[in-house]
Structures are given as structure tokens and as C-alpha cells.
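Asks:
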Amino acid sequence: MIDQASGLRKMQDLQQIKVIAVSGGKGGVGKTNVSLNTSIALAQQGKRVLVLDADLGLANVDVMLGLRVQRNLSHVLSGECKLDDIIIKGPAGINIIPASSGTQSMVDLTPAEHAGLIRAFSDMHGQFDVLVVDTAAGISDMVLSFCRAAQDVMLVVCDEPTSITDCYALMKLLSRDHDVFKFKVVANMVRSPKEGQQLFGKLTKVTDRFLDVALELVAVIPFDEHIRKSVRKQKAVVEAFPESPAAQAFKALAKRVISWPVPQQASGHLEFFIEQLLEH
Numbered sequence: 017m018i019d020q021a022s023g024l025r026k027m028q029d030l031q032q033i034k035v036i037a038v039s040g041g042k043g044g045v046g047k048t049n050v051s052l053n054t055s056i057a058l059a060q061q062g063k064r065v066l067v068l069d070a071d072l073g074l075a076n077v078d079v080m081l082g083l084r085v086q087r088n089l090s091h092v093l094s095g096e097c098k099l100d101d102i103i104i105k106g107p108a109g110i111n112i113i114p115a116s117s118g119t120q121s122m123v124d125l126t127p128a129e130h131a132g133l134i135r136a137f138s139d140m141h142g143q144f145d146v147l148v149v150d151t152a153a154g155i156s157d158m159v160l161s162f163c164r165a166a167q168d169v170m171l172v173v174c175d176e177p178t179s180i181t182d183c184y185a186l187m188k189l190l191s192r193d194h195d196v197f198k199f200k201v202v203a204n205m206v207r208s209p210k211e212g213q214q215l216f217g218k219l220t221k222v223t224d225r226f227l228d229v230a231l232e233l234v235a236v237i238p239f240d241e242h243i244r245k246s247v248r249k250q251k252a253v254v255e256a257f258p259e260s261p262a263a264q265a266f267k268a269l270a271k272r273v274i275s276w277p278v279p280q281q282a283s284g285h286l287e288f289f290i291e292q293l294l295e296h
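Under this note's numbering, read the sequence shown as residues 17 to 296, first letter to last.
#1: Return the bridge partner residues of L66 from the DSSP annotation.
#2: Does the stretch 194-209 come close enough to the stretch 231-242 to have 3 or more Cβ pairs within less than 8 Å?
#3: Let me confirm a value: Q86 is counted as buried when at least 16 other C-beta atoms fall within 10 Å, else exposed. Which label applies?
#4: Quick one: Cα of D29 to Cα of V253, how far?
#5: With distances taken from CA atoms, which of L52, G41, V35 and G40 is nearest V247?
#6: Can you check DSSP and say which residues form a bridge with S34?
#7: Can you tell me where the alpha helix (DSSP H) holding I56 begins and where it ends?
#8: Could you compute how far the alpha carbon of I110 sits from the alpha carbon of K218?
#9: So what's V85 in DSSP terms, helix, strand or just coil?
#10: For the ligand MN, is there a heavy atom less than 7 Å away from the beta-carbon of Q167?
#11: How would you label S94, buried or exposed, when you count the other beta carbons within 10 angstroms and need 16 or more for buried?
#12: Can you give me the Cβ contacts of K198 inside the same chain, cut-off strictly under 6 Å, excluding the 5 residues immediately before and after it?
#13: Hey, out of P261, S55 and L160, whose CA is closest to A108's CA?
#14: To test your reading of the DSSP string, which unbroken alpha helix (DSSP H) runs of 4 or more residues are found completely within the stretch 160-205?
#15: So, at 7 Å on beta carbons, what are the nonlocal neighbours of A59 in its own chain, with the 5 sequence-adjacent residues on each side left out?
#16: My guess is that A152 and V159 are in contact by the Cβ rule of under 8 Å, so how many angstroms apart are they, rounded?
#17: Which of the three DSSP states, helix, strand or coil, is assigned to L72?
#18: Closer than 8 Å is the cut-off here; do at least three beta carbon pairs connect the stretch 139-146 with the stretch 69-86?
#19: Just how far apart, CA to CA, sit M27 and V45?
#20: Which ranges would you report for the alpha helix (DSSP H) in the stretch 207-253 if only whole runs of at least 4 residues count?
#21: Can you tell me whether DSSP reads K267 as helix, strand or coil?
Encoded structure:
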């Protein structure tokens with residue numbers, strides 16, 4: 017019986033963690049808002065959620081939630097502590113790995129250092145169902161590394177030419193150089209569901225013509241003044257205004273995320289929690 021119980025525990029330990037990178041190319045599209053609200057909505061639905069603030073040089077997850085941070089990823093990379101030591105608790109019980117802000121050395125990490133950080137997740141002792149990686153804006157090596165190491169890449173796009181162009185550039189790089197061909201799309205800050213569908217149509221019109229990628233529209237988040245109010249309160253809209261249109265859209269997105277399958281084996285390149293994938 018003891019052997020059976022320990023065997024069951026090991027199977028539970030090896031249960032796959034869903035890893036989602038939230039990106040979008042352009043800054044200012046509401047990427048961190050999408051990351052945090054989706055994470056909190058997932059926690060409200062009973063999931064154990066870990067959020068990685070992967071904007072290593074201009075961290076803002078802790079600021080958006082009004083949290084005080086003692087140590088961050090820079091302390092992990094300097095060898096002062098481990099990832100487990102810097103986790104802080106956020107709303108609805110989500111766990112957050114904070115990054116540093118205004119630290120040039122964090123922006124200039126080498127690809128080997130990015131890989132080392134991704135591998136460090138295999139040594140974590142906490143049990144999680146979902147890891148949400150809130151990437152930096154742009155198409156740096158850091159963004160590409162984190163997107164490639166995730167199982168799903170969720171791209172946040174707004175109805176602006178620069179947002180669509182930058183999102184396309186990110187997909188082009190990931191598909192051409194990093195073998196990432198499937199993307200989930202969040203149409204953010206749109207005036208209606210129809211406008212969200214039209215925005216998705218603009219994106220697919222370009223990708224169908226020039227890229228070998230598959231896109232899926234997974235959420236349409238409405239333009240909602242409650243988001244602006246919640247940001248001022250340093251709270252997520254799903255907590256501050258749970259009945260608002262935006263909060264309802266995030267809750268629907270979280271339900272959808274739960275239904276996404278988790279890969280049962282390693283993909284052949286470096287991934288978050290790779291040791292668990294290989295053991296599995």
C-alpha cells in the first residue's frame with residue numbers, strides 16, 4: 017500500500033503543467049492586463065496558477081497589483097537564491113515570480129542565460145496547474161526564447177496598424193526560426209464582438225498569404241472603462257469589477273484555457289518544466 021501511495025504521488029507530481037506565453041510584439045496593447053486577469057480568473061476557477069513576469073528589465077506585474085517585492089529574478093540569476101525563494105502571493109492566491117525594473121544587465125542576458133532561467137523551473141518544489149509567462153514587448157531574443165519554451169503562445173492584438181504589423185513580425189520570426197506555428201489570438205480593447213472578428217480577419221488575411229501558421233481567435237476583450245478604473249486601484253478588473261463586460265470576457269477566456277490539452281511529451285527543444293516532461 018505504501019508503494020502504491022508513493023507511486024500515485026509521483027504520478028501527481030509529474031502531472032503536466034500548462035505553460036502559456038502571452039505576447040504580442042507591440043507595447044501598450046494590454047498584454048500584462050490580459051496575463052493577470054486570465055491568471056486570476058483561472059485561480060477563481062480552482063486552478064493553481066504561477067505568473068512569471070518575463071519583462072526582465074521593465075517589470076510591472078507587481079506594480080499593477082500594488083505588491084511589495086523583496087527579491088526578484090535578478091537575485092536568482094546572481095545565485096543569491098532560488099526561484100522558490102522569490103515567489104509572492106497575489107490576488108485569488110495566484111503565485112507571482114517578479115522581475116526587476118530598470119536593470120540593464122537583465123535586458124542584456126545571453127541566450128544561454130535565458131535557457132538557464134527556463135531550466136531553473138524544473139527545480140521548483142511548488143505544485144502548479146498553469147504557468148502564465150507575461151513576456152516583454154518587442155521581438156528580442158528574450159521574448160522569442162520564452163515563447164518557444166511555452167506550449168501555447170497567446171498573442172494580444174489591438175485594432176491598430178502598428179499592433180497588427182508587430183504581431184505579424186513576431187509570428188514570422190517564431191515560425192521561420194523557432195518552429196512555432198500555432199498561435200492563440202486575443203482581440204483586445206475592441207468596441208464589439210464583430211469588431212473583434214474583423215480584427216482577427218485582418219490578421220489572418222496577411223498570415224494566410226505570407227506565413228505557414230495556424231491562428232485561433234480565443235477571446236474578444238471589450239473596451240471597458242472598468243479596466244482603467246481597476247488599474248488606478250492597482251487591482252485586476254476580474255476582482256475590482258467582477259460583473260463588468262471585460263471581467264466576464266476574461267472569465268470566459270480562463271474557461272477556454274482550462275480546456276486546452278497539455279502535451280504528453282517533450283517537443284524536442286527547451287521547454288519550461290522540461291525535466292517533468294522527460295520523466296513523464
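Glycine is no exception: its CB is placed at the ideal position from the N, C-alpha and C atoms.
Replies: Short version:
#1: Translated into the one-based positions of the sequence shown, residue 66 becomes position 50. According to DSSP, L66 bridges with N111 and L147.
#2: yes
#3: Your numbering for residue 86 matches position 70 in the sequence shown. Q86 should be labelled exposed.
#4: Position 13 of the sequence shown, counted from the start, is the residue given in the question as residue 29. Position 237 of the sequence shown, counted from the start, is the residue given in the question as residue 253. Residue placement at D29 is flagged as unreliable, the pLDDT there being 47, under the threshold of 50; a coordinate-derived value is accordingly withheld.
#5: The residue you call residue 247 lines up with position 231 of the sequence shown. Residue L52 is the option with its Cα nearest to V247.
#6: By 1-based counting over the sequence shown, the position of residue 34 is 18. Per the sequence presented here, residue 34 reads as Lys, with Ser not at that position. According to DSSP, K34 bridges with V146.
#7: The residue labelled residue 56 in the question sits at position 40 within the sequence shown. Counting along the chain, the alpha helix (DSSP H) containing I56 begins and ends at K47 to Q60.
#8: Locating residue 110 in the sequence shown gives position 94, counting from the first residue. Locating residue 218 in the sequence shown gives position 202, counting from the first residue. The alpha-carbon atoms of I110 and K218 are separated by roughly 35 Å.
#9: One-based indexing of the sequence shown puts residue 85 at position 69. Coil, per DSSP.
#10: By its list of ligands, the structure shown contains no ligand whatsoever, and the ligand MN lies outside what it can speak to.
#11: Counting from 1 along the sequence shown, the entry for residue 94 is found at position 78. By the beta-carbon neighbour count (other beta carbons within 10 angstroms, threshold 16), S94 is exposed.
#12: Within the sequence shown, numbered from 1, the residue matching residue 198 stands at position 182. Closer than 6 Å at the Cβ level, and outside the excluded window around K198, lie A230.
#13: For the purposes of this step, residue 108 is taken as the residue at position 92 of the sequence shown. Of the candidates P261, S55 and L160, the one whose C-alpha sits nearest the C-alpha of A108 is S55.
#14: Secondary structure within the stretch 160-205: the alpha helix (DSSP H) runs of 4 or more consecutive residues, fully enclosed, are 177-194 (chain order).
#15: Translated into the one-based positions of the sequence shown, residue 59 becomes position 43. Once the five neighbours on either side are set aside, the close Cβ partners of A59 are V65, A108, G109 and I110.
#16: Start at 1 with the first residue of the sequence shown, and residue 152 comes out as number 136. Start at 1 with the first residue of the sequence shown, and residue 159 comes out as number 143. Yes, A152 and V159 are in contact; Cβ-Cβ is about 6 Å, under 8 Å.
#17: By 1-based counting over the sequence shown, the position of residue 72 is 56. In the structure shown, L72 sits in coil (DSSP, three-state: anything other than H, G, I, E or B).
#18: no
#19: The residue labelled residue 27 in the question sits at position 11 within the sequence shown. The residue labelled residue 45 in the question sits at position 29 within the sequence shown. Legend: pLDDT at M27 = 41, less than 50; position of this residue unreliable, no value from coordinates given.
#20: 209-226 and 241-248
#21: What you label residue 267 is simply residue 251 of the sequence shown in a count that begins at 1. Note: K267 maps to helix in three-state DSSP.
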